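Right, one structure below, let's go through it.
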Amino acid sequence: MYGRSAEKNFIIKLISEHKSAGGVTVLPIVGIGGIGKTALAQLVYNDPAVENQFDHKIWIWVSNNFDEVRLTREMLDFVSQETHGGLCNLAKLQEILKGNIKSKRILLILDDVWDDKNDCQWNQLLAPFKSDNANNNLILMTTRKPSVAKRRGTAEPIKLGALEKDDFWLLFKAHAFGDENYEEQESLSGIGQKIAHKLKGNPLAAQTAGALLIEHLTVEHWTNGLKNEDWKSLHLSSGIMSSLKFCYDELPFHLQQCFSYCSIFPYGYQFPAEELVYMWISHGFVKLDDSSASLKDTGWYYLTDLVNLGFFEQVISSVRQTSYSISGLMHEFARVVSRTECATIDGIYCNEILPTVHHLSILTDSIYS
Numbered sequence: 001m002y003g004r005s006a007e008k009n010f011i012i013k014l015i016s017e018h019k020s021a022g023g024v025t026v027l028p029i030v031g032i033g034g035i036g037k038t039a040l041a042q043l044v045y046n047d048p049a050v051e052n053q054f055d056h057k058i059w060i061w062v063s064n065n066f067d068e069v070r071l072t073r074e075m076l077d078f079v080s081q082e083t084h085g086g087l088c089n090l091a092k093l094q095e096i097l098k099g100n101i102k103s104k105r106i107l108l109i110l111d112d113v114w115d116d117k118n119d120c121q122w123n124q125l126l127a128p129f130k131s132d133n134a135n136n137n138l139i140l141m142t143t144r145k146p147s148v149a150k151r152r153g154t155a156e157p158i159k160l161g162a163l164e165k166d167d168f169w170l171l172f173k174a175h176a177f178g179d180e181n182y183e184e185q186e187s188l189s190g191i192g193q194k195i196a197h198k199l200k201g202n203p204l205a206a207q208t209a210g211a212l213l214i215e216h217l218t219v220e221h222w223t224n225g226l227k228n229e230d231w232k233s234l235h236l237s238s239g240i241m242s243s244l245k246f247c248y249d250e251l252p253f254h255l256q257q258c259f260s261y262c263s264i265f266p267y268g269y270q271f272p273a274e275e276l277v278y279m280w281i282s283h284g285f286v287k288l289d290d291s292s293a294s295l296k297d298t299g300w301y302y303l304t305d306l307v308n309l310g311f312f313e314q315v316i317s318s319v320r321q322t323s324y325s326i327s328g329l330m331h332e333f334a335r336v337v338s339r340t341e342c343a344t345i346d347g348i349y350c351n352e353i354l355p356t357v358h359h360l361s362i363l364t365d366s367i368y369s
């Protein structure tokens with residue numbers, strides 16, 4: 001794995017030094033799809049220094065189907081010699097699990113957690129790890145949703161952003177050149193660095209783009225890739241965008257509208273919160289429901305939902321103004337899903353504008369830079 005050493009070392013230090021009140025610490029790792037949350041958790045899980053700190057290590061993939069019976073049964077597979085496939089009684093399963101981990105220190109990885117609504121189910125699932133005999137257990141939880149990290153975590157979440165430039169370049173080279181000698185492909189270095197810059201430090205993007213570029217290690221193929229951004233031809237079915245599309249499809253239509261409309265603004269644009277809400281209202285995206293909330297209040301609820309779900313992030317907070325932006329690959333994703341409604345002319349470059357487009361922006365910065 002490339003990068004993430006600081007985050008890994010932080011977690012290992014916490015494991016070594018932290019004593020948790022109530023017997024368990026829940027540490028969230030949060031970030032958009034493909035940013036490396038699971039890979040970081042695997043780094044920690046497989047580290048020899050971590051191995052010596054715990055009596056048992058458990059790895060569970062949770063997903064958006066939160067079934068505490070299935071999850072408890074899978075936990076038992078890691079700590080018990082017996083099989084419990086035919087047992088469906090949650091209370092009995094938890095009693096057995098509690099007996100197997102009594103007075104032992106446990107590392108539990110809960111990978112890809114989505115649910116932030118049902119506190120009762122969550123507390124029930126983790127009850128065996130919080131018993132009177134719990135021994136500083138650590139639960140490392142990965143999630144795409146900041147709202148999950150906030151609601152489920154007992155420690156400050158680790159927020160994964162883009163890889164550092166040098167680390168990302170090493171990762172990109174590994175995928176784009178494979179076993180080929182990079183030094184012998186010097187003519188592709190400049191093109192590759194321009195492509196890597198477009199990928200905004202996202203590891204999944206490097207993997208997807210690299211898989212297309214490695215097919216032909218020629219200047220012509222890579223130049224065409226830079227010009228046409230061929231990795232986006234994978235669009236929403238696999239690789240670079242599929243994990244983000246899954247999150248997007250879960251949104252109600254009004255939130256999809258609000259998010260995709262913002263694709264017409266340049267990358268890194270900082271939206272003053274109140275201005276953003278009024279823009280959504282003016283375009284008819286904000287709808288009154290059965291509550292007594294005003295259009296403005298409803299628009300604020302929309303923005304809060306999009307922030308909690310990871311589509312926007314807060315970038316400036318002051319007494320007078322709070323601003324938000326769409327970060328990294330999420331901005332590129334917004335342009336992909338909005339292409340039938342929104343289009344952007346960037347300087348002298350213009351991709352195909354579909355006849356269904358309603359919103360058009362013209363960006364001029366690249367002409368003068």
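With the first letter of the sequence shown counted as 1, position 367 gets the number 367 in the UniProt record's numbering; the numbers rise by one all the way through.
Every residue, glycine too, gets a C-beta built ideally from N, C-alpha and C.
Please read these numbers as outputs of a predicted model, since none were measured by experiment.
I'd like the span of the beta strand (DSSP E) that includes residue i, first residue to last.
{"i": "TRP61", "result": "56–63"}
{"i": "residue 370", "result": "The structure shown does not extend to residue 370, since the chain is modelled only from 1 to 369, so the question has no answer here."}
{"i": "THR344", "result": "342–346"}
{"i": "VAL113", "result": "106–113"}
{"i": "SER189", "result": "SER189 -> not in any beta strand (DSSP E); alpha helix (DSSP H) instead, spanning 189–198."}
{"i": "SER147", "result": "Where SER147 is concerned, there is no enclosing beta strand (DSSP E), although the alpha helix (DSSP H) it sits in stretches over 146–152."}
{"i": "THR25", "result": "24–30"}
{"i": "LEU363", "result": "359–363"}
Rounded to the nearest angstrom, how far is the Cβ of residue i from that of residue j, given a contact under 8 Å?
{"i": "ALA196", "j": "PHE168", "result": "6 Å"}
{"i": "LYS145", "j": "LEU309", "result": "6 Å"}
{"i": "LYS102", "j": "ASN133", "result": "5 Å"}
{"i": "LEU363", "j": "THR340", "result": "Actually they are not in contact, since the Cβ atoms of LEU363 and THR340 sit about 20 Å apart, beyond 8 Å."}
{"i": "GLY284", "j": "LEU160", "result": "Their Cβ separation, rounded to whole angstroms, is 35 Å, which puts GLY284 and LEU160 out of contact at 8 Å."}
{"i": "HIS84", "j": "LEU93", "result": "6 Å"}
{"i": "PRO272", "j": "THR143", "result": "Actually they do not touch by this definition, with Cβ atoms about 28 Å apart."}
{"i": "ASP119", "j": "PHE66", "result": "About 12 Å; that fails the 8 Å criterion."}
I'd like to confirm something about residue i: is its beta-carbon nearer than 7 Å to some heavy atom of the ligand ZN, or not?
{"i": "VAL148", "result": "In the structure on display, the ligand ZN does not appear, and there are no ligands present to speak of."}
Going by C-alpha to C-alpha distance, which of the options sits closest to residue i?
{"i": "LYS165", "options": "ASN202, ILE32, TRP114, TRP122", "result": "ASN202"}
{"i": "GLN53", "options": "ILE12, SER189, ILE281", "result": "ILE12"}
{"i": "ILE15", "options": "LEU125, LYS145, GLU51, GLY33", "result": "GLU51"}
{"i": "LEU97", "options": "GLY284, MET75, SER294", "result": "MET75"}
{"i": "CYS342", "options": "ILE326, SER361, SER325", "result": "SER361"}
{"i": "GLY173", "options": "ALA134, ILE158, MET141, LEU217", "result": "Correcting the residue type first, residue 173 is Lys in the shown sequence and not Gly. Comparing Cα-Cα distances from LYS173 to each of ALA134, ILE158, MET141, LEU217, the minimum goes to LEU217."}
{"i": "LEU276", "options": "SER5, TYR248, GLN321, GLN124", "result": "GLN321"}
{"i": "PHE265", "options": "THR356, LEU90, SER327", "result": "SER327"}
{"i": "SER187", "options": "PHE10, TRP222, LEU329", "result": "TRP222"}
{"i": "ALA127", "options": "TYR267, GLY23, SER325", "result": "GLY23"}
{"i": "LYS335", "options": "CYS88, LEU244, GLN270, PRO272", "result": "It is Arg, not Lys, that sits at residue 335 in the sequence shown. Of the candidates CYS88, LEU244, GLN270, PRO272, the one whose C-alpha sits nearest the C-alpha of ARG335 is LEU244."}
{"i": "TYR269", "options": "ALA293, HIS283, TRP280, VAL315", "result": "VAL315"}
{"i": "SER260", "options": "LEU213, LEU288, PHE311", "result": "PHE311"}
{"i": "TYR267", "options": "LEU199, ILE158, ALA205, SER294", "result": "LEU199"}
{"i": "LEU251", "options": "LEU303, ASP55, GLN121", "result": "LEU303"}
{"i": "ASP249", "options": "ARG73, VAL337, LEU295", "result": "VAL337"}
{"i": "ASP289", "options": "THR298, SER282, ASN46", "result": "THR298"}
Exposed or buried, what is residue i when buried is set at 16 or more other beta-carbons lying within 10 Å of its beta-carbon?
{"i": "THR25", "result": "buried"}
{"i": "SER263", "result": "buried"}
{"i": "GLU332", "result": "buried"}
{"i": "TRP61", "result": "exposed"}
{"i": "GLN81", "result": "exposed"}
{"i": "ASN123", "result": "exposed"}
{"i": "GLN193", "result": "exposed"}
{"i": "PHE253", "result": "exposed"}
{"i": "VAL219", "result": "exposed"}
{"i": "CYS258", "result": "buried"}
For the alpha helix (DSSP H) holding residue i, just list the boundary residues, first then last.
{"i": "VAL286", "result": "Unbroken run through VAL286: none, as it is neither H nor E."}
{"i": "TYR261", "result": "253–261"}
{"i": "TYR302", "result": "295–308"}
{"i": "residue 391", "result": "This structure cannot speak to residue 391, because the chain is shown only from 1 to 369."}
{"i": "ASP166", "result": "165–177"}
{"i": "THR322", "result": "Run containing THR322: none in the alpha helix (DSSP H); it sits in the beta strand (DSSP E), 322–325."}
{"i": "residue 370", "result": "Residue numbering for the chain in the displayed model covers 1 to 369; residue 370 lies beyond these limits and cannot be assessed."}
{"i": "GLY99", "result": "90–101"}
{"i": "LYS37", "result": "37–46"}
{"i": "ARG73", "result": "68–79"}
{"i": "LEU204", "result": "203–213"}
Roughly how many angstroms separate the alpha carbons of residue i and residue j, rounded to a whole number?
{"i": "THR38", "j": "TRP300", "result": "32 Å"}
{"i": "ILE345", "j": "ALA155", "result": "44 Å"}
{"i": "ASP305", "j": "VAL113", "result": "17 Å"}
{"i": "LYS8", "j": "LYS150", "result": "20 Å"}
{"i": "TYR2", "j": "GLY34", "result": "14 Å"}
{"i": "GLY86", "j": "VAL30", "result": "34 Å"}
{"i": "PRO48", "j": "PHE129", "result": "23 Å"}
{"i": "SER318", "j": "MET330", "result": "Caution is warranted here: a pLDDT of 49 is assigned to SER318, below 50, making its placement in the model unreliable, and no coordinate value can be reported."}
{"i": "SER5", "j": "ILE139", "result": "20 Å"}
{"i": "SER291", "j": "ILE32", "result": "32 Å"}
{"i": "GLU68", "j": "ASP111", "result": "14 Å"}
{"i": "GLY99", "j": "ILE106", "result": "13 Å"}
{"i": "TYR45", "j": "PRO157", "result": "17 Å"}
{"i": "VAL148", "j": "ALA211", "result": "33 Å"}
{"i": "TYR278", "j": "ALA293", "result": "15 Å"}
{"i": "CYS88", "j": "LEU125", "result": "14 Å"}
{"i": "SER323", "j": "LYS117", "result": "27 Å"}
Is the CB of residue i under 8 Å away from at least one CB in chain C?
{"i": "PHE177", "result": "In the structure shown, chain C does not exist; there is a single protein chain."}
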